[in-house]
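Undergrad: In mature numbering (1 follows the signal peptide of the UniProt record, and there is no 0), the protein residues as written are -27 to -1, 1 to 389. Think of the CB as a built atom: it goes at the ideal place given N, C-alpha and C, for glycine as much as any other residue. In this text, all values refer to a predicted model and were calculated from it rather than measured experimentally. So that we are looking at the same thing, I have put the structure below in structure tokens.
This is the structure:
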């Protein structure tokens, strides 16, 4: 993960504000500016770096203007409306769905000059059997559990030893006894609690159950085990006291300041944490397994596509090719967290390099796909979030939450 000095981040953020990127570009209608829906919040370090790289492109191409639109907080809903009304932006972030959700609306990119450097590790997640893919992969998403190294070292806990949930829970109790928040998550920024269910599920089912999900059979017992884990953390007091209201900044700050030990999320949390404490010692570790076989979760991370109906398609593809240049892509990948999605680029993972070398580069630690993207019908993410939250907050029992998951699964699967 690339670590940027506060002064650099401040300059980039100022450039972002001066660019007026929050306005409506109207690029989808062929106006003077290309509309780029970024799915990044206005305070996201990745957006600031994207603006800096974009400025380099527009300086070299004075006839082109690109409006970077920050996330409104309801990106998926907004994009579903845009798809339904055939009013797609010129460029858009695909947030893990370039193939299954957005593919029909995007320009195939497998013939672009940079396509030969597409990371083959992303093929199963992003490409058709024919080889067509629809987004420039900025990074290869490798996720697990972000942790504070200093906190674990002081408690005498080796993250590599936490291969089962029993071992993880023992460590969490030890940390709680020392006054440390074992696990920070959030109902307000619900990707945090959603990730817990999604990440744990990614390595929790045997192939027969996985095939069953694909064929419309919901494994109630297997999913109960996942939510039982969440309920156990709730009852043990392992979650942060501000779980219901915590923002991403709150969690990042708590992690940076050594108040939180673990957060199950993308490594971009560390980028945000370093803004609060540049010298914080952070790392990421695999997700423990019920069977003692830890794993990482990943696939398509930050990726950008071009609308196949854009009236500015040639300019958009030229801009995408500029982003794909090794120096630019490496900088972007470092900002959003992770290794670049093209094999000819490199990124500085900074303080997370040791974790990457220990776990992500270790062939004995498998990379499992995001569970909801492979084994659940489209639309199940919201139910996965709401049911995990209902258990974490004590508003629902595990059987009730599992019943809701099964009901929505059956309904949505029938709509496929």
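Going by the CB atoms, is the gap between residue 235 and residue 118 shorter than 8 Å?
TA: Your numbering for residue 118 matches position 145 in the chain shown. Your numbering for residue 235 matches position 262 in the chain shown. The answer is yes: Cβ separation under 8 Å.
Undergrad: Check the C-beta distance from residue 274 over to residue 323 and give it rounded, since I have them as a contact under 8 Å.
TA: Counted from its first residue, the chain shown places residue 274 at position 301. Counted from its first residue, the chain shown places residue 323 at position 350. Wrong, their Cβ atoms sit about 17 Å apart, outside the cutoff.
Undergrad: With H, G and I counted as helix, E and B as strand and the rest as coil, what does DSSP make of residue 371?
TA: Residue 371 sits at position 398 when you count from the first residue of the chain shown. DSSP, reduced to helix, strand and coil, places residue 371 within a helical segment of the structure shown.
Undergrad: Assuming residue 367 and residue 69 are in contact, meaning their beta carbons sit under 8 Å apart, how far apart are those beta carbons, in whole angstroms?
TA: Start at 1 with the first residue of the chain shown, and residue 367 comes out as number 394. Start at 1 with the first residue of the chain shown, and residue 69 comes out as number 96. By a beta-carbon distance limit of 8 Å, residue 367 does not contact residue 69. Their separation comes to about 30 Å.
Undergrad: I want to know whether the segment 72 to 81 touches the segment 277 to 290 - three or more CB-CB distances under 8 Å.
TA: yes
Undergrad: For residue 238, report the span of its beta strand (DSSP E) as first-last.
TA: Your numbering for residue 238 matches position 265 in the chain shown. Per DSSP, the continuous beta strand (DSSP E) segment holding residue 238 begins and ends at 233 to 238.
Undergrad: Does the separation of the CB atoms of residue 172 and residue 309 fall below 8 Å?
TA: For the purposes of this step, residue 172 is taken as residue 199 along the chain shown, with counting starting at 1. For the purposes of this step, residue 309 is taken as residue 336 along the chain shown, with counting starting at 1. Contact flag unset, no.
Undergrad: Give, in chain order, every unbroken run of the beta strand (DSSP E) that is at least 3 residues long and sits entirely within the segment 292 to 361.
TA: Runs of the beta strand (DSSP E) inside the segment 292 to 361: 340 to 342.
Undergrad: Can residue 159 and residue 166 be called in contact, C-beta distance under 8 Å?
TA: Here residue 159 corresponds to residue number 186 of the chain shown, with the count starting at 1. Here residue 166 corresponds to residue number 193 of the chain shown, with the count starting at 1. Their beta carbons are under 8 Å apart, which means residue 159 touches residue 166 by this criterion.
Undergrad: Less than 7 Å between the CB of residue 146 and some heavy atom of the ligand FAD, yes or no?
TA: This structure does not include the ligand FAD; it has no bound ligands of any sort.
Undergrad: Judging by CA-CA distance, which residue of 317, 377 and 385 is the nearest neighbour of residue 88?
TA: Your numbering for residue 88 matches position 115 in the chain shown. Looking at the Cα atoms, 317 is the closest of the given residues.
Undergrad: What residue range does the alpha helix (DSSP H) around residue 146 cover?
TA: If you number the chain shown from 1, residue 146 lands on position 173. Start and end: 138 to 150.
Undergrad: Suppose you measure from the CA of residue 230 to the CA of residue 245; what does that come to, to the nearest Å?
TA: Taking the chain shown and counting its residues from 1, the one referred to as residue 230 is at position 257. Taking the chain shown and counting its residues from 1, the one referred to as residue 245 is at position 272. Cα to Cα, the separation comes out at about 12 Å.
Undergrad: Out of curiosity, what's the CA-to-CA distance linking residue 300 and residue 319?
TA: Counted from its first residue, the chain shown places residue 300 at position 327. Counted from its first residue, the chain shown places residue 319 at position 346. Whole-angstrom Cα-Cα distance: 8 Å.
Undergrad: Go to residue 85, then tell me how far its beta strand (DSSP E) extends in each direction, as first and last residue.
TA: For this step, residue 85 is matched to residue 112 along the chain shown. That residue, residue 85, is in no beta strand (DSSP E); it is neither H nor E in DSSP.
Undergrad: Quick one: using the 10 Å Cβ neighbour count with 16 as the cut-off for buried, is residue -18 buried or exposed?
TA: The residue you call residue -18 lines up with position 10 of the chain shown. With a pLDDT of 38 at residue -18, under the threshold of 50, the modelled position of that residue is not reliable, and the figure given next carries that caveat. That one is exposed.
Undergrad: Taking residue 193 as part of the beta strand (DSSP E), name the residues at either end of that continuous run.
TA: Taking the chain shown and counting its residues from 1, one reaches residue 193 at position 220. No beta strand (DSSP E) contains residue 193, which is instead part of the alpha helix (DSSP H) from 193 to 209.
Undergrad: According to DSSP, simplified to helix, strand and coil, what is residue 61?
TA: Counting from 1 along the chain shown, the entry for residue 61 is found at position 88. Of the three classes helix, strand and coil, the one that applies to residue 61 here is coil, per DSSP.
Undergrad: Tell me whether residue 176 is buried or exposed, calling it buried when 16 or more other Cβ atoms sit within 10 Å of its Cβ.
TA: In the chain shown, counting from the first residue as 1, residue 176 sits at position 203. Classification of residue 176: buried, given that the 10 Å Cβ count is 16 or more.
Undergrad: Excluding the five sequence neighbours on either side, which residues of its own chain have a C-beta within less than 6 Å of the C-beta of residue 76, listed in chain order?
TA: The count along the chain shown starts at 1 and reaches residue 76 at position 103. Here the set comprises 107.
Undergrad: Residue 344 and residue 338: beta carbons closer than 8 Å?
TA: Within the chain shown, residue 344 is the residue found at index 371, counting from 1. Within the chain shown, residue 338 is the residue found at index 365, counting from 1. It is not a contact, given that the beta carbons lie outside the stated cut-off.
Undergrad: From the DSSP output, in three-state form, read off residue -2 for me.
TA: In the chain shown, counting from the first residue as 1, residue -2 sits at position 26. With a pLDDT of only 41 at residue -2, under 50, the local geometry of the prediction cannot be trusted, and no value is derived from it.
Undergrad: By Cβ distance, which residues of its chain are closer than 7 Å to residue 250, with the 5 residues on each side in sequence left out?
TA: In the chain shown, residue 250 corresponds to position 277, counting from 1. Excluding positions up to five away in sequence, the list reads 229 and 230.
Undergrad: Once DSSP output is grouped into helix, strand and coil, what is the label at residue 125?
TA: Position 152 of the chain shown, counting from 1, holds the residue named residue 125. It is helical.
Undergrad: Could you spell out the range, first to last residue, of the beta strand (DSSP E) harbouring residue 38?
TA: Working through the chain shown from its first residue, we reach residue 38 at position 65. From DSSP, the beta strand (DSSP E) with residue 38 extends over 38 to 42.
Undergrad: Check the C-beta distance from residue 86 over to residue 314 and give it rounded, since I have them as a contact under 8 Å.
TA: By one-based count along the chain shown, residue 86 stands at place 113. By one-based count along the chain shown, residue 314 stands at place 341. At roughly 16 Å, the Cβ-Cβ gap does not stay under 8 Å, so residue 86 and residue 314 are not in contact.
Undergrad: Rounded to whole angstroms, what is the Cα-Cα separation between residue 146 and residue 153?
TA: One-based indexing of the chain shown puts residue 146 at position 173. One-based indexing of the chain shown puts residue 153 at position 180. Each residue's alpha carbon lies about 9 Å from the other.
Undergrad: Leaving out the 5 sequence neighbours to the left and right, which residues in its chain are closer than 7 Å to residue 356 when beta-carbon positions are compared?
TA: For the purposes of this step, residue 356 is taken as the residue at position 383 of the chain shown. Contacts found: 377, 378 and 381.
Undergrad: Less than 7 Å between C-beta atoms, sequence neighbours within five positions excluded: which residues of the same chain meet that for residue 189?
TA: Position 216 of the chain shown, counted from the start, is the residue given in the question as residue 189. Excluding positions up to five away in sequence, the list reads 386.
Undergrad: Could you compute how far the alpha carbon of residue 204 sits from the alpha carbon of residue 220?
TA: If you number the chain shown from 1, residue 204 lands on position 231. If you number the chain shown from 1, residue 220 lands on position 247. If I take the Cα positions, the gap works out to 22 Å.
Undergrad: With a threshold of 6 Å on Cβ separation, who are the neighbours of residue 362 within its own chain once the five nearest residues in sequence on each side are excluded?
TA: For the purposes of this step, residue 362 is identified with residue 389 of the chain shown, where counting begins at 1. These residues qualify, in order along the chain: 160 and 166.
Undergrad: Identify the residues that DSSP records as bridge partners of residue 118: which are they?
TA: By one-based count along the chain shown, residue 118 stands at place 145. Residue 118 is bridged to 237 and 258.
Undergrad: By the DSSP assignment, the beta strand (DSSP E) with residue 279 in it spans what residues?
TA: For the purposes of this step, residue 279 is taken as residue 306 along the chain shown, with counting starting at 1. It spans 276 to 279 - the beta strand (DSSP E) in which residue 279 sits, taken as one unbroken run.
Undergrad: According to DSSP, is residue 19 part of a helix, a strand, or is it coil?
TA: Walking along the chain shown from the start, residue 19 turns up at place 46. Helix, per DSSP.
Undergrad: Can you find at least 3 beta carbon pairs, one from the segment 122 to 139 and one from the segment 253 to 261, that sit closer than 8 Å?
TA: Short answer: they touch.
Undergrad: Quick check: what's the CA-CA separation for residue 193 versus residue 25?
TA: Residue 193 sits at position 220 when you count from the first residue of the chain shown. Residue 25 sits at position 52 when you count from the first residue of the chain shown. Going from the Cα of residue 193 to the Cα of residue 25 covers about 48 Å.
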